[in-house]
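Under this note's numbering, the residue at position 671 of the sequence shown is numbered 653, and the numbers go up by one with no gaps.
Following: one structure in structure tokens, then a few remarks.
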Amino acid sequence: MKRKKHWGGKFGILSVIAVLFVSVLFGSLGSPTSAEPEPAERIVEEELLHVQLEVPNADAAMKIMEMGIEFDHGIHEHDGVYEVEVTATPSELRQLETYGIEVHEVLMTEKQWNERIAEMNAVLERNESAILSEERLQILRANHYTNQSASFLYVEAKSSVGASSSTALTATWTENGVEKSATLARRSDYGEYLYHWFELPVEEIPTSVTITSNQGATATSPVEEWLGGVPKPGKPNPHYVSDFIDSYMTPTQINERIDQLAAEFPDLMEVIQMPYKTNGYRRHAQATMGGFTNTAVVVSSIVWGHEGGNGMEVEFVNPGGANSPLTVSVDENKITVSLATNAAGALTSTARDVVNALNNQAGDLVSANTYRGNTGGGIAQVWSSTLTDGLNGPEYVSREPATVKAIRIGKKKDGSKPGVLGYAQEHAREWVTPLVVMETAERLLRNYAHDAETKKLVNSLDIFLIPMVNPDGANYSFYDYNMQRRNMTNHCGPDGANDFGARSAWGVDLNRNHSVGSIHDGFIGASLSCTSDTYAGPEPTSEPESRNIVWLADQYENINFGMNIHSHGGYFMWSPGAYDANRETLPRPSAGEEAFYWGASEHILNRIQEHRGTVIQPTRTGPIPDVLYSAAGNSADYLWYEKGIYTWNFEVGAPLWNPATNRWVSVGFQPPFEEGHEEALEFANGLIGLFEVAYQHGKDKQPPRSTINPGKGTYKGPVEVSFETSEPATIYYTIDGSRPTFESPKLGLSGTREPAEKLLINETTTINWFSVDPAGNVEKNYNPSGNGNNFNSAKITIK
Ligand SMILES: [Zn+2]
-17 MKRKKHWGGK FGILSVIAVL FVSVLFGSLG SPTSAEPEPA ERIVEEELLH VQLEVPNADA
43 AMKIMEMGIE FDHGIHEHDG VYEVEVTATP SELRQLETYG IEVHEVLMTE KQWNERIAEM
103 NAVLERNESA ILSEERLQIL RANHYTNQSA SFLYVEAKSS VGASSSTALT ATWTENGVEK
163 SATLARRSDY GEYLYHWFEL PVEEIPTSVT ITSNQGATAT SPVEEWLGGV PKPGKPNPHY
223 VSDFIDSYMT PTQINERIDQ LAAEFPDLME VIQMPYKTNG YRRHAQATMG GFTNTAVVVS
283 SIVWGHEGGN GMEVEFVNPG GANSPLTVSV DENKITVSLA TNAAGALTST ARDVVNALNN
343 QAGDLVSANT YRGNTGGGIA QVWSSTLTDG LNGPEYVSRE PATVKAIRIG KKKDGSKPGV
403 LGYAQEHARE WVTPLVVMET AERLLRNYAH DAETKKLVNS LDIFLIPMVN PDGANYSFYD
463 YNMQRRNMTN HCGPDGANDF GARSAWGVDL NRNHSVGSIH DGFIGASLSC TSDTYAGPEP
523 TSEPESRNIV WLADQYENIN FGMNIHSHGG YFMWSPGAYD ANRETLPRPS AGEEAFYWGA
583 SEHILNRIQE HRGTVIQPTR TGPIPDVLYS AAGNSADYLW YEKGIYTWNF EVGAPLWNPA
643 TNRWVSVGFQ PPFEEGHEEA LEFANGLIGL FEVAYQHGKD KQPPRSTINP GKGTYKGPVE
703 VSFETSEPAT IYYTIDGSRP TFESPKLGLS GTREPAEKLL INETTTINWF SVDPAGNVEK
763 NYNPSGNGNN FNSAKITIK
């Protein structure tokens, strides 16, 4: 054997097995000879290729063995020939070809192998160097909470070497005098290590938890109540009325209820007819004529199904004689295609021929195309079809483009009051979400007269509610295909999946169709396929339903809070909502904005909990990429980044804890109404919680105050300076002695799920800064755009 290279030791056993296997396959081969011819080109060290060979017979197999080429695994037979995998040089392969052996694809080159090894070594090195550096271990959260079923302990901890799979974290705590422990699970997303975590039911709430890393570090934290930071609400007004929902509601029912409420409460409510009509709960009537992809002709009516397309008949007939031409005849509602025949009377029209004939001779009634881009070279079959749009909604469900309605509630609706927007059912199958909005609207209207809290909100705010962003999809979900997520618009053109069989796969995901963080700009978490459930549309804001959201935000500039209501999962999230292929997110909110998001969230989640104890879990609360995934082109990101609107995303329908199995049970998109009803009521609480946040925000005229720690002075060696603020507020700062402005750096977070960053000062520096709260109040009424110098300033002298 002169083979110069071996890919490690794996060939020994495998080749013996392969030889035995081949012996069985080809009958007796005799023993492979060890005397091997040595072609001249073998002197040159060649790259080894891992290839698949097609071996026609036993003689050819013998030749492979004679050349000393070893079989790898992967011998299989198809259509009477045998395929084997071998590792050989290009010159050996050339010689094998002279024996009638066909060389198929290169399975793996040596170069690729080397790349795999390098890849593996890089990870090992990274892990090793991470572990060699000193470990920093932080407990990000140690929370307890009690929901309607049990009490839970939840811990998130982050190790500076946590990205390495050899880092393991263990938690210990005490329950009823007994020490308990648990291993934390590592959480990463799209290649980024986020943190380690665990969540377990507990019998007694522990006071503290200790995390120990196998890399040496330990940390201890007190266990605090999740959502415990805000005062629990007082007793509600006994006359407060709620629960106006007694079933799921279709778009027809929602619109009727909206009109009823508007008529009943003309002083408090108006209906905004949004300008962009949907494409309608309608389709062209269709049939796919022919049983094979190359014989089928897709026929679609020119008019909509309900306008006469439904019931049109199309027939492909055999004329029953020789040398007949291809003809098309139209008789009222019926199109007959007489297929061509040859001298022997056999049919000769291809699917493509029929497509062309239909388009040329019946193009005012139907359009035709081959099946999903097929060339249509097969002979068209005798076939008969009645075209249909396949829509099962009752006749009273309008097929026309729909006007999407927004409800506007407020005592003074002139744009002078702070605006809040809640919108639901971008995704059609999320049946609970419009109920949340309708319940909320009705509570505001029916409690206004006798509940002081409600009166305060309605008098002070300008509330916009869209129960159903996507009525066409909603109709489709109720009447035709319950799992419909998108709108109904077919963007699959004649070369795509535009046939009847794909009808439930059409539509644009309205929460992926917006212009910020779009897939069209390289962000992750949407699709460009017209049949994908996260189809982003042919271009940003291509859909009327999305344009309505943009229009509303443009039209009512007073809107500064938003809630994008989805189901299910029990999530509560905010921007950024998308990242690119390097997991680079849209800009993170500043540390102050983030603190505001968290603080307001706590209030809102407390409201949700009041109804039946549902606790939105800490692991499901936070910026979207930290808790769920990337969602390119979602509408909440549009509102935050483009319009400066603080916008959250609800995923109503939190999983329910089953104590018998110790598991969370998912509730789904369309739970039994009994459960959907509870979800609607509890999240209506949450939406009213958002109004309370907006109200407080609107009343906030108090500028924030801030300090640094440590303060000005002289220090030996570098110091880490942190900022403290009297309320959530964004810090703008400079370290070059200049005036801080809105263009200056903002204090950010030190990392995913981590607190605000600290400034490392290692030489004498003057820090100048000011803070701004979410209502826009600037500390000391400093004017960053003016010339004044009433910002904060501190000199840190390093000796
Ligand atoms: Zn959704």
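C-beta: ideal position from N, C-alpha, C; glycine also.
All of these numbers come straight from a predicted model, not from anything done at the bench.
Cβ of THR712 within 9 Å of any chain B Cβ
No chain B appears in this structure, which consists of one protein chain only.
In chain order, what residues of the same chain lie with their CB nearer than 7 Å to the CB of ASP718, ignoring the 5 residues before and after it?
none
Can ASN495 be considered in contact with ligand 1, in the sense that its beta carbon sits closer than 8 Å to one or more heavy atoms?
no
Quick check on ILE501: does DSSP put it in helix, strand or coil?
helix
Would the beta-carbon of GLU67 be found less than 8 Å away from any heavy atom of ligand 1?
No.
Check whether the region 260 to 276 and the region 545 to 559 touch, using three or more Cβ-Cβ pairs below 8 Å as the test.
Because the criterion of three Cβ pairs below 8 Å is not met, the region 260 to 276 and the region 545 to 559 do not touch.
By the three-class DSSP mapping on this structure, what secondary structure does ARG565 have?
coil
Buried or exposed: where does GLU539 fall if 16 or more other Cβ atoms within 10 Å of its Cβ makes it buried?
exposed
Assess, as a yes-or-no matter, whether the region 553 to 560 is touched by the region 631 to 651 under the definition of 3 or more beta carbon pairs within less than 8 Å.
yes
Residues near GLU185 by beta carbon distance below 7 Å, same chain, minus five either side:
GLU157 and ASN158
Between which two residues does the alpha helix (DSSP H) harbouring GLN242 extend?
233 to 246
Specify whether the region 653 to 673 and the region 419 to 430 touch according to this definition: at least 3 beta carbon pairs, one from each stretch, less than 8 Å apart.
yes
Strand pairing of TRP286, partner residues [DSSP]
Per DSSP, HIS266.
Can you pull every residue whose C-beta falls closer than 5 Å to some heavy atom of ligand 1, listed in chain order?
HIS409 and HIS548
Could you name the residues that DSSP lists as bridge partners for ASN631?
ASN546 and MET555
Apart from the five residues on each side of it in sequence, which residues of its chain come closer than 7 Å, Cβ to Cβ, to ILE25?
With a pLDDT of 47 at ILE25, under the threshold of 50, the modelled position of that residue is not reliable, and no figure is offered here.
If you measure between the beta carbons of ARG494 and ASN616, is that distance less than 9 Å?
yes
In the DSSP assignment, the alpha helix (DSSP H) including LEU426 goes from what residue to what residue?
414 to 429
Checking 9 Å against the spacing of the C-beta atoms, do ALA362 and LEU321 come in under that value?
The answer is yes: Cβ separation under 9 Å.
Is the beta carbon of GLU138 sitting closer than 9 Å to the one on LEU119?
For the pair GLU138 and LEU119, the CB atoms are not nearer than the 9 Å cut-off.
Between which two residues does the alpha helix (DSSP H) carrying LYS45 extend?
Boundaries of the alpha helix (DSSP H) harbouring LYS45: 40 to 48, taken from the DSSP string.
Where does ASN588 land, buried or exposed, given buried means 16+ other C-beta within 10 angstroms?
buried
Segment limits, alpha helix (DSSP H) that includes ASP454
453 to 461
To the nearest angstrom, report how far apart GLN407 and TRP413 are at their CA atoms.
7 Å
Quick check: what's the CA-CA separation for THR234 versus GLU656?
22 Å
Proximal residues to ASN759 (C-beta, below 7 Å), its chain only, five neighbours per side dropped:
Result list for ASN759: ASP682, LYS683, GLN684, PRO685 and PRO686, in chain order.
Put PRO204 into one of helix, strand or coil per three-state DSSP.
Under the three-state reduction of DSSP output, PRO204 falls in the strand class.
Out of curiosity, what's the CA-to-CA distance linking MET47 and VAL68?
C-alpha of MET47 to C-alpha of VAL68: approximately 11 Å in a straight line.
For THR332, which residues of its own chain have a beta-carbon under 7 Å away from its beta-carbon, when the five flanking residues on both sides are left out?
GLY358, GLY359, GLY360, ILE361 and ALA362
Quick one: Cα of GLY489 to Cα of LEU135, how far?
Each residue's Cα considered, the two are about 42 Å apart.
Just to confirm before moving on: does the CB-CB distance between ALA153 and THR194 stay below 9 Å?
Yes. Within cutoff.
Classify LEU662 as helix, strand or coil using the three-state DSSP reduction.
According to the sequence as given, residue 662 is Ala; it is not Leu. Correct three-state label for ALA662: helix.
Classification of SER510 by the beta-carbon crowding that lies within 10 angstroms, buried from 16 upward:
According to the sequence shown, residue 510 is Leu rather than Ser. Classification of LEU510: exposed, given that the 10 Å Cβ count is below 16.
Residues of its chain near ALA22, where Cβ-Cβ distance is below 6 Å and the 5 sequence neighbours each way are ignored
With a pLDDT of only 47 at ALA22, under 50, the local geometry of the prediction cannot be trusted, and the value read off the model is given with reservation. The answer is none, since no qualifying residue turns up.
Relative to the C-alpha of ARG169, which candidate in PHE247, PHE180 and ASN341 has its C-alpha closest?
PHE180
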